[in-house]
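Residue numbers (the UniProt record's numbering): 1 to 395. Beneath this line is the structure, given in structure tokens, with notes to follow.
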């Protein structure tokens with residue numbers, strides 16, 4: 001059942017011209033999240049919701065604000081990005097509380113979740129220093145921008161933006177909300193779109209448009225072959241995001257994420273004799289050995305022009321065999337650092353009612369393990385064939 005804040009939000013949407021005739025929100029989804037379901041079948045290319053322009057919190061609107069617009073224009077060196085512009089606006093609106101037009105919307109926003117909020121122990125469960133490093137940089141960025149903005153405001157607008165009210169916690173909430181919930185790729189500017197940002201993510205095909213024929217409406221559709229049956233959860237796609245990006249932005253990971261990938265670092269001590277220029281090999285669920293080890297990479301590094309045809313064939317197949325063994329060794333070392341699947345399952349069983357963060361971490365490393373194992377399977381098959389060829393070519 002909807003809370004008083006959620007009911008007020010729905011009424012605010014309807015009073016201001018938003019339409020969503022086949023959506024029911026909020027509902028508790030099977031995974032415990034707040035989401036939306038279809039009250040009737042929703043066909044491909046049928047608008048699921050239409051939100052009028054004046055309900056959007058856009059960068060454009062922030063620049064036009066009577067109080068903040070002059071501040072932004074007079075301090076363009078500080079407000080060079082949409083994040084600090086919109087963050088300051090949202091903090092101001094939060095402080096206005098019920099006097100803010102956007103209060104019914106802001107009051108239903110959850111605290112944004114991402115790996116930036118995880119403890120050191122929780123981060124260790126990811127087994128990915130690259131992701132941990134990215135999370136640390138994100139957190140540092142918020143601190144830097146908050147201090148930069150507040151220093152300028154205190155210098156030029158003493159008393160108007162007191163830090164006792166414009167706190168770091170409020171700024172962080174606003175900043176992370178912008179990172180997690182905004183639309184923008186197909187809009188003239190970055191914007192928060194009430195209700196559209198309340199749909200959960202899945203790897204479905206959706207699209208949106210804005211102001212078609214001067215309507216002033218933001219509209220969200222299922223696209224391609226996507227449709228939603230009555231009583232099913234209605235999703236939006238946040239884009240082609242890997243689990244790395246999903247965890248960094250939203251704090252969750254998807255099982256069998258088709259856009260997932262693994263970056264395998266190649267240190268100088270592991271580069272091998274092939275003069276590999278890449279420091280990182282990126283592999284995904286569609287990666288083939290031909291993409292990872294292209295023919296020019298496998299060329300003999302010390303060709304011998306005096307070799308006869310048989311010797312050259314032996315050298316070529318030996319080089320391929322060595323390269324496959326080299327790659328197999330790197331991937332095996334990499335995956336060994338992530339533990340084993342049986343341990344992950346035991347961990348979940350042992351900690352019945354495991355936290356969402358632990359489950360997300362296990363989902364993350366399970367997906368990465370599957371990707372690497374897929375390539376290792378290809379390598380083993382290729383090695384078997386290559387060794388038989390080597391035996392024949394080098395006899």
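Backbone N, C-alpha and C fix where the C-beta goes; we use that ideal spot for every residue, glycine too.
- prompt: Since residue 236 contacts residue 190 with CB under 8 Å, what's their CB separation in whole angstroms?
  reply: 16 Å between Cβ atoms; not a contact.
- prompt: Alpha carbon to alpha carbon, what distance is there between residue 264 and residue 281?
  reply: 5 Å
query: With a cut-off of 8 Å, do at least 3 Cβ pairs link the region 105-123 to the region 71-82?
result: no
message: Using CA atoms only, rank isn't needed, just tell me which of 12, 319, 112 is closest to residue 98.
response: 12
query: Can you tell me the Cα-Cα spacing of residue 26 and residue 217, whole angstroms?
result: 22 Å
field: Distance, residue 256 Cα to residue 90 Cα
entry: 36 Å
message: Quick check: what's the CA-CA separation for residue 120 versus residue 17?
response: 46 Å
message: According to DSSP, is residue 382 part of a helix, a strand, or is it coil?
response: helix
Range of the contiguous alpha helix (DSSP H) that encloses residue 228: Here residue 228 belongs to no alpha helix (DSSP H), and DSSP marks it neither H nor E.
- request: State the CB to CB distance for the pair residue 48 and residue 221, rounded to an integer number of angstroms; the pair is presumed to be in contact (CB under 8 Å).
  value: 6 Å
task: Can you give me the Cβ contacts of residue 337 inside the same chain, cut-off strictly under 7 Å, excluding the 5 residues immediately before and after it?
output: 127
query: Do you know how far the Cα of residue 36 is from the Cα of residue 233?
result: 6 Å
query: Using CA coordinates, which residue listed in 173, 125, 136, 66 is at the minimum distance from residue 94?
result: 173
- request: Report the partner residues of residue 163 according to the DSSP bridge assignment.
  value: None; residue 163 has no bridge partner.
Alpha-carbon spacing of residue 212 relative to residue 187, whole angstroms: 12 Å
field: Three-way DSSP call (helix, strand, coil) for residue 213 in this model
entry: helix
- prompt: To the nearest whole angstrom, what separates the beta carbons of residue 28 and residue 228, a pair I think is in contact under 8 Å?
  reply: Not a contact, Cβ separation roughly 18 Å.
- prompt: Can you tell me where the alpha helix (DSSP H) with residue 266 in it begins and where it stops?
  reply: Premise fails: residue 266 is in no alpha helix (DSSP H) and is neither H nor E.
message: In the DSSP output, which residue or residues are listed as bridge partners for residue 184?
response: None; residue 184 has no bridge partner.
query: Under a three-way DSSP split, which group does residue 108 fall into?
result: coil
- prompt: Under 7 Å between the Cβ atoms of residue 6 and residue 22?
  reply: no
field: Distance, residue 323 Cα to residue 380 Cα
entry: 12 Å
task: Provide the residue span of the beta strand (DSSP E) that contains residue 280, from first to last.
output: 280-284
query: Contact between the region 243-260 and the region 363-370: three or more CB pairs below 8 Å?
result: yes
message: Let me check one thing: in DSSP terms, what residues is residue 50 bridge-paired to?
response: 19, 219
- request: Pick helix, strand or coil for residue 235, following the three-state DSSP scheme.
  value: strand
query: Three or more beta-carbon pairs under 8 Å between the region 51-59 and the region 134-146, yes or no?
result: no
- request: Note the first and the last residue of the continuous alpha helix (DSSP H) segment covering residue 134.
  value: 129-156
Rounded straight-line distance, which links the Cα of residue 294 to that of residue 301: Residue placement at residue 301 is flagged as unreliable, the pLDDT there being 46, under the threshold of 50; the coordinate-derived value follows with that caveat. Spanning the two alpha carbons is a distance of roughly 14 Å.
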